[in-house]
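Enquirer: The numbering of the sequence shown is this note's numbering, which starts it at 49 and goes up by one. Note that CB positions come from ideal geometry on N, CA and C, so glycine has one too. I'd like to ask some things about the structure below.
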Amino acid sequence: MKTEKTKSGNKLSQQPIFRVGVVLVLVLASFALVQQISVPESFGQYGYYRGDSVSEWADMEVAFADESTSCAACHTDRFNNIKTTTHKGLNCQTCHGPAEKHAKDPGGSKPTIEASREFCGTCHFQVQGRPETAVKQVNLDHNGQVNCVQCHPAHAPWSKFGGGTK
Ligand code: HEC
Ligand code: HEC
Ligand code: HEC
Ligand code: HEC
Numbered sequence: 049m050k051t052e053k054t055k056s057g058n059k060l061s062q063q064p065i066f067r068v069g070v071v072l073v074l075v076l077a078s079f080a081l082v083q084q085i086s087v088p089e090s091f092g093q094y095g096y097y098r099g100d101s102v103s104e105w106a107d108m109e110v111a112f113a114d115e116s117t118s119c120a121a122c123h124t125d126r127f128n129n130i131k132t133t134t135h136k137g138l139n140c141q142t143c144h145g146p147a148e149k150h151a152k153d154p155g156g157s158k159p160t161i162e163a164s165r166e167f168c169g170t171c172h173f174q175v176q177g178r179p180e181t182a183v184k185q186v187n188l189d190h191n192g193q194v195n196c197v198q199c200h201p202a203h204a205p206w207s208k209f210g211g212g213t214k
């Protein structure tokens with residue numbers, strides 16, 4: 049084909065297929081260049097990902113403590129009591145935030161204490177589509193603007209209404 053056409057007077061470099069070829073080669077070449085520059089050195093060290101990310105993750109500071117070994121060691125009563133209440137399914141750090149630092153050095157850092165209506169409401173305010181069977185829900189104006197914990201202490205929500213520790 050080529051020779052035929054060349055013979056017939058059309059120079060190869062003037063044919064559309066040649067220009068397409070040049071564009072294709074340029075695209076491939078720039079792709080290879082960009083890849084060369086942008087793929088990190090450690091890519092592929094262990095598999096189809098950046099090898100350095102393994103040590104980067106390992107270097108990250110641990111934020112959450114293991115509750116059953118750390119919180120329980122010092123806050124033993126609280127830890128055991130909450131397990132007898134309706135809040136038994138919740139972890140301490142769900143409400144008190146990541147507390148590994150505090151567990152290692154109680155004086156050096158304090159966990160957060162959240163007692164606002166909004167905070168309790170993140171789980172308990174009525175939301176369409178949230179199954180009532182999973183978490184009991186109340187209206188936004190359930191008992192006015194009084195803080196929930198005045199009636200439902202977080203560590204034993206029913207204790208003030210004759211619910212024992214519950
Ligand atoms: C090595 C002992 C120790 C460990 C482990 C420990 N705490 Fe504490 N924590 C303390 C001491 C001491 C205090 C200050 C006295 C107090 O309020 O009981 C305290 C206070 C707190 C407070 C109140 C902070 C404030 O502002 O009054 C919270 C909340 C708390 N700890 C949560 C936790 C949680 C959650 C864990 C597990 C991740 C934990 N603690 C692990 C010793 C410990
Ligand atoms: C449902 C959320 C919630 C959970 C779960 C929870 N706490 Fe609390 N915690 C609170 C609130 C709110 C306060 C503030 C007391 C108040 O205003 O009633 C508090 C107070 C505290 C205090 C300060 C002392 C006090 O009683 O005022 C400590 C210590 C504490 N919590 C430890 C723990 C530990 C340890 C766990 C896990 C065994 C835990 N909490 C689980 C919400 C929670
Ligand atoms: C992370 C979600 C979560 C947060 C935050 C939370 N709760 Fe709960 N609460 C639950 C779950 C789960 C239950 C057990 C299932 C149920 O009974 O709704 C529960 C149970 C309760 C109950 C008992 C409901 C019943 O049927 O007996 C009360 C009251 C309550 N919580 C009040 C509070 C208060 C007050 C706060 C804020 C200090 C709070 N909760 C924060 C998840 C949460
Ligand atoms: C003035 C006291 C008071 C305050 C403040 C209060 N509650 Fe209650 N709550 C009650 C009483 C009493 C009941 C039981 C009767 C009822 O369902 O209204 C109840 C019921 C509940 C129930 C169970 C609902 C059910 O369907 O069984 C949940 C969950 C609850 N409250 C969460 C909260 C939350 C979250 C807040 C804050 C946003 C809060 N409460 C504020 C007194 C209070």
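(1) State whether the segment 196-207 contacts the segment 158-175, with contact taken as three or more CB pairs (one from each stretch) at a distance under 8 Å.
(2) Please report the distance separating the alpha-carbon of residue 206 from that of residue 108.
(3) Tell me which residue opens and which closes the alpha helix (DSSP H) that residue 167 is part of.
(4) Would you list the residues sitting across from residue 186 in a DSSP beta bridge?
(5) Within 10 angstroms of the Cβ of residue 84, are there 16 or more other Cβ atoms? Answer buried if so, exposed if not.
(6) Give the secondary structure of residue 54 by DSSP, where H, G and I count as helix, E and B as strand, and everything else as coil.
(7) Quick one: is residue 159 buried, meaning 16 or more other Cβ sit within 10 Å of its Cβ, or exposed?
(8) Between which residues of its own chain and residue 134 is the CB-CB distance below 6 Å, once the five residues before and five after are set aside?
Expert: The answer reads as follows:
(1) yes
(2) 40 Å
(3) 165-172
(4) 173
(5) exposed
(6) Residue placement at residue 54 cannot be trusted, given a pLDDT of 48 that sits under 50; the coordinates are not used to answer.
(7) buried
(8) 205, 214
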